[in-house]
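The block underneath contains the structure these notes are about, expressed in structure tokens.
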């Protein structure tokens, strides 16, 4: 897991998951409709991101800690994180 994927645009994020970009600045997506599975990668966000976790399918590692989010949690990332 040495490679870090730079997500500098909404389009790059959507392409990572095989989703269509309808607007260059904003995207609302349902990852259950993704055509590419992405697991165990490091991402560096160049955009703001808000995620609503509807289930507890995965833990998120942020920095050096693993976070065990509950179902229905909103997770937020700022550029550069």
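Numbering (the working numbering), first residue to last: 1 to 81.
For glycine and all other residues, C-beta sits at the position ideal for the given N, C-alpha and C.
In this text the structure is predicted, and so the values were computed from the model without any measurement.
Out of the options, which one is the CA nearest neighbour of residue i?
i, options, result
"residue 33", "41, 22, 45 and 18", "18"
"residue 27", "43, 67, 9 and 74", "9"
"residue 37", "43, 51, 24 and 16", "16"
"residue 31", "24, 39 and 25", "39"
Rounding to the nearest angstrom, what Cα-Cα distance links residue i and residue j in this structure?
i, j, result
"residue 65", "residue 11", "28 Å"
"residue 47", "residue 72", "22 Å"
"residue 79", "residue 29", "19 Å"
"residue 45", "residue 22", "19 Å"
"residue 77", "residue 49", "5 Å"
"residue 35", "residue 74", "23 Å"
Within 10 Å of its beta-carbon, does residue i have 16 or more other beta-carbons around it, so buried, or fewer, so exposed?
i, result
"residue 7", "buried"
"residue 13", "buried"
The beta strand (DSSP E) spanning residue i covers which residue range?
i, result
"residue 75", "73-77"
Any heavy atom of the ligand ATP closer than 7 Å to the Cβ of residue i?
i, result
"residue 47", "By its list of ligands, the structure shown contains no ligand whatsoever, and the ligand ATP lies outside what it can speak to."
Could you pull out every unbroken alpha helix (DSSP H) segment of at least 4 residues lying fully inside the stretch 1-47, listed in chain order? Counting only runs that start and end inside the stretch 1-47, the alpha helix (DSSP H) elements of at least 4 residues fall at 10-16.
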